[in-house]
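Notes follow once the structure below has been shown.
Number of protein chains: 2
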Amino acid sequence: MSESLNSRPEQERLLRKLESIVDLSAEERQGLLALPITVKSLDADRDIVRERDRPAECALVLEGFVCRYKLIADGKRQITGFYLPGDIPDLQSLYVEVMDHSLGTLTATRVALIPHDSVRSLLRRHPGLVEAFWRDTLIDAAMFREWMIGLGRRDAYARIAHLFCELFVRHRAVRLTNGDGFDLHATQAELGDALGLSTVHVNRVLQDLRKDGLIALRGKRLTILEWDELKRAGEFDPLYLHLKSADLAE
Amino acid sequence: MSESLNSRPEQERLLRKLESIVDLSAEERQGLLALPITVKSLDADRDIVRERDRPAECALVLEGFVCRYKLIADGKRQITGFYLPGDIPDLQSLYVEVMDHSLGTLTATRVALIPHDSVRSLLRRHPGLVEAFWRDTLIDAAMFREWMIGLGRRDAYARIAHLFCELFVRHRAVRLTNGDGFDLHATQAELGDALGLSTVHVNRVLQDLRKDGLIALRGKRLTILEWDELKRAGEFDPLYLHLKSADLAE
DNA sequence: TCACGAGCCCAACCTATGTTAAGAGACGCA
DNA sequence: TGCGTCTCTTAACATAGGTTGGGCTCGTGA
Numbered sequence: 037m038s039e040s041l042n043s044r045p046e047q048e049r050l051l052r053k054l055e056s057i058v059d060l061s062a063e064e065r066q067g068l069l070a071l072p073i074t075v076k077s078l079d080a081d082r083d084i085v086r087e088r089d090r091p092a093e094c095a096l097v098l099e100g101f102v103c104r105y106k107l108i109a110d111g112k113r114q115i116t117g118f119y120l121p122g123d124i125p126d127l128q129s130l131y132v133e134v135m136d137h138s139l140g141t142l143t144a145t146r147v148a149l150i151p152h153d154s155v156r157s158l159l160r161r162h163p164g165l166v167e168a169f170w171r172d173t174l175i176d177a178a179m180f181r182e183w184m185i186g187l188g189r190r191d192a193y194a195r196i197a198h199l200f201c202e203l204f205v206r207h208r209a210v211r212l213t214n215g216d217g218f219d220l221h222a223t224q225a226e227l228g229d230a231l232g233l234s235t236v237h238v239n240r241v242l243q244d245l246r247k248d249g250l251i252a253l254r255g256k257r258l259t260i261l262e263w264d265e266l267k268r269a270g271e272f273d274p275l276y277l278h279l280k281s282a283d284l285a286e
Numbered sequence: 037m038s039e040s041l042n043s044r045p046e047q048e049r050l051l052r053k054l055e056s057i058v059d060l061s062a063e064e065r066q067g068l069l070a071l072p073i074t075v076k077s078l079d080a081d082r083d084i085v086r087e088r089d090r091p092a093e094c095a096l097v098l099e100g101f102v103c104r105y106k107l108i109a110d111g112k113r114q115i116t117g118f119y120l121p122g123d124i125p126d127l128q129s130l131y132v133e134v135m136d137h138s139l140g141t142l143t144a145t146r147v148a149l150i151p152h153d154s155v156r157s158l159l160r161r162h163p164g165l166v167e168a169f170w171r172d173t174l175i176d177a178a179m180f181r182e183w184m185i186g187l188g189r190r191d192a193y194a195r196i197a198h199l200f201c202e203l204f205v206r207h208r209a210v211r212l213t214n215g216d217g218f219d220l221h222a223t224q225a226e227l228g229d230a231l232g233l234s235t236v237h238v239n240r241v242l243q244d245l246r247k248d249g250l251i252a253l254r255g256k257r258l259t260i261l262e263w264d265e266l267k268r269a270g271e272f273d274p275l276y277l278h279l280k281s282a283d284l285a286e
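The listed protein sequences correspond, in order, to chains A and B.
Numbering (this note's numbering) for the first sequence: 37 to 286.
Numbering (this note's numbering) for the second sequence: 37 to 286.
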C-alpha cells in the first residue's frame, strides 16, 4: 500500500501542473524531479489529512480526485475545493502547522507524500521555487474567492455552470480532458456539498442544464455541448485561475 | 494627499499584525521598519486597486476599514473579506500580477504603499520573512474557506454571529477592541454583501440578535453581551485564524 | 442469481430569504 | 434653517431552494 521510491513519472505530474502557472528553469525542474516521495494508494472516501492534524509532509495528487472539506454541526459538510492530479492541496501545511479542515478522496487515489523538510530545503536551495509554490497557494485562494461569489450571489443554475467551466479548464490545463468533456468524479450529493445546495436541487438543475442543451452527463462522463452558453450562464471568466495564456486557449 | 516618508509608527502597525501570527527576530523587525513607504489618505468608498489592475506596490492598512470585493452582473457584489489596520490585503499581488478582484475602503482610510521591489528584496535578504508573509496569505485563504462554510451551510443568524465573532477576535489581536466591543465600520448593506444576504434580512436578523441579548449595536458601536452564546450561535472556532495563543485568550 | 446499497430521479409540500415599498431619524450642505 | 441623501426599520408578498419520501437502475458480492 505504500512504497518508497524516486521515479520520474510521479514528479512529472507536478511539473506539468506548476508549469501551467509559472515558468521553471532547468535547475528548478531538476530539483523538483529529485524530491523524495512515498507513494500511497487510497480507496474512495478516505481522509488524507484531518482537521487538527499536524502533517509532516505534503500530499501531491498523482491519480484520482480529491476534495477539501469541513464538517459542521448536524453532519452537514461544505466542500471548499476539488483537486486533480498534479495539485498539492495541503502545501499550506508547510507554514500553517495545524489543519483547519480535512482532505479526502472522492475516488480511488494515488498520492505522493513529500516530507516538509525536503520541500523546505528545496526552497532554500532554489529560492525561485518559492514563487512557484507560493503562487500555487495564492491561486488556491483565488478559487476560494470565486466560489464565494457563487455561494453568496449566484443562483443554483449559474453556480453549477460555473463549476463545470472551472473544472473543464483545470482539467485541460493538465491534459486530462478528452475532447470537449472530462470525467466528473463527484456524485450529485458531493456537488451539493460543494455548491451549498441539496442533492435534490442539484438534480433538478442538472436536468435543466441538459434540457437546455448545455451539457450531456452520462455516468461519470461530462460533455460540454455549448461552451459559450455555459460560460455565459455561469458568468465564467477564467482570469482568477491565473493560468499561462496557452492553457486558456479555447 | 500623498507624502513619502520613513517614519517608525507607520510600520509598527505591520509589526504588531505580523507578530500576532509569527515570531520575528530582531533583524527581521529592523528590516520591516526600514521598508520605504508612501502614505496615502482615501475617503470612504474609494478603490485602492481594481480588478485587472497590475499593481507595483502593496497596500498596508494604517487606519480605517477596507474590504475585498468583486462585482458581478446586474450590480450585485460579493465582499470576500474585511481588513483592519496592520493588514496587507494585496500582498498576493507580489506573485499574482493581475488583480482578479478589487480592494475598496469602507471608511476614510490611510494606507502605506510599499513597492513590490522593496518587499522582494527584503524577502531575499531575510528569507525568514518569507514564512511570515506567506503565512499571512495562507491565513487569508483560511478565512475565505471559513466564510465559504457560512455562505454554503449556515443560516443567516449563524452567519452574522460568526462574522461578529471573527471581527471581534481579529480586532483584539491588534489591540483595536474597547472592552467587550469594537467599532463596526460597515453598513447593513455592506454586511449583506459580505454574507450573501439582502439588506432587509440583515436588518431582521440583527433585531433578533439584539432581542436575544447577544449583542448591542448603537451607531457604529458593536458590543458583545454574551460571548459564549454568540460563539455557540455562530459555531465559531478561532482555530482557522491561526493566531498565537496569547491573542486567542478569552 | 439474488439481495442489497449507492446513486439517480421525481413529486408534493414547506420555509428561509428575497423583493418592493414606504416611513423615520441623522447628518451634511446650501 | 431647511432640504436632500444615507441608513435603518418595518410590513406584505413572492420564490428559490430545502425536506421528505418514494421508486428505478445498476453494479457488486454472497
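Virtual Cβ for every residue (Gly too), placed ideally from N, Cα, C.
- For B:T74, the uninterrupted beta strand (DSSP E) run begins and ends at 73-78, by DSSP.
- In this structure, B:I124 sits away from B:H278, with a CB-CB distance that is not shorter than 8 angstroms.
- The way I'd put it, the segment 253-263 of chain A does touch the segment 213-227 of chain A; three or more beta-carbon pairs between them come closer than 8 angstroms.
- Judged by beta-carbon spacing, A:V97 lies within the 8 angstroms limit of A:G122, meaning their Cβ atoms are closer than that value.
- Taking 8 angstroms as the cut-off, the beta carbon of A:R146 is found closer than this to the beta carbon of A:E99.
- Selection A:Y193, A:H152, A:D83, A:F272 evaluated against A:S234 yields A:Y193 as nearest (Cα-Cα).
- Under the DSSP definition of a beta bridge, B:S138 partners with B:Y105.
- Per the DSSP secondary-structure output, B:G217 pairs in a beta bridge with B:N214, B:T259.
- The shortest C-alpha to C-alpha distance from B:T173 to any of A:I108, A:S129, A:A225, A:K76 is the one to A:S129.
- Residue B:R52 holds the alpha-carbon nearest to the alpha-carbon of B:L120 among B:L250, B:R52, B:S281.
- Contact check for B:Y276 against A:D136 passes: the beta carbons are separated by less than 8 angstroms.
- Look at A:V134: its C-beta is under 8 angstroms from a C-beta on chain B.
- Between the segment 143-157 of chain A and the segment 72-83 of chain A there are three or more C-beta pairs closer than 8 angstroms, enough to call the two in contact.
- In the assembly as shown, A:E182 is a buried residue. Its beta-carbon has 16 or more other beta-carbons within 10 Å.
- Under the 10 Å beta carbon count, B:D126 is surrounded by 16 or more other beta carbons and is classified as buried.
- CA-to-CA, the gap between A:F101 and A:R82 works out to about 11 angstroms.
- Going by beta carbons, A:A225 and A:L142 fall outside the 8 angstroms limit.
- Any Cβ of chain A closer than 8 angstroms to the Cβ of B:E271 would place that residue at the interface, and such an atom is present.
- Boundaries of the beta strand (DSSP E) harbouring B:R113: 113-119, taken from the DSSP string.
- For B:I251, the enclosing beta strand (DSSP E) covers residues 251-254.
- Between A:S138 and A:K106, the C-beta gap is smaller than 8 angstroms, which places the two residues in contact.
- Taking 8 angstroms as the threshold, the shortest C-beta distance from A:F200 to chain B does not fall below it.
- At least one beta carbon of chain B lies nearer than 8 angstroms to the beta carbon of A:L187.
- In this structure, the CA atom of A:D59 is about 15 angstroms from the CA atom of A:E48.
- Chain B has no Cβ within less than 8 angstroms of the Cβ of A:K256.
- The contact set of B:Y119 on chain A, defined by CB atoms closer than 8 angstroms, is empty, because the minimum CB distance reaches about 14 angstroms.
- Under the three-state reduction of DSSP output, B:A144 falls in the coil class, being neither helix nor strand.
- Leaving aside the five residues that flank B:S154 on each side, the residues in its chain whose CB is nearer than 6 angstroms to its CB run, in chain order, L71, P72.
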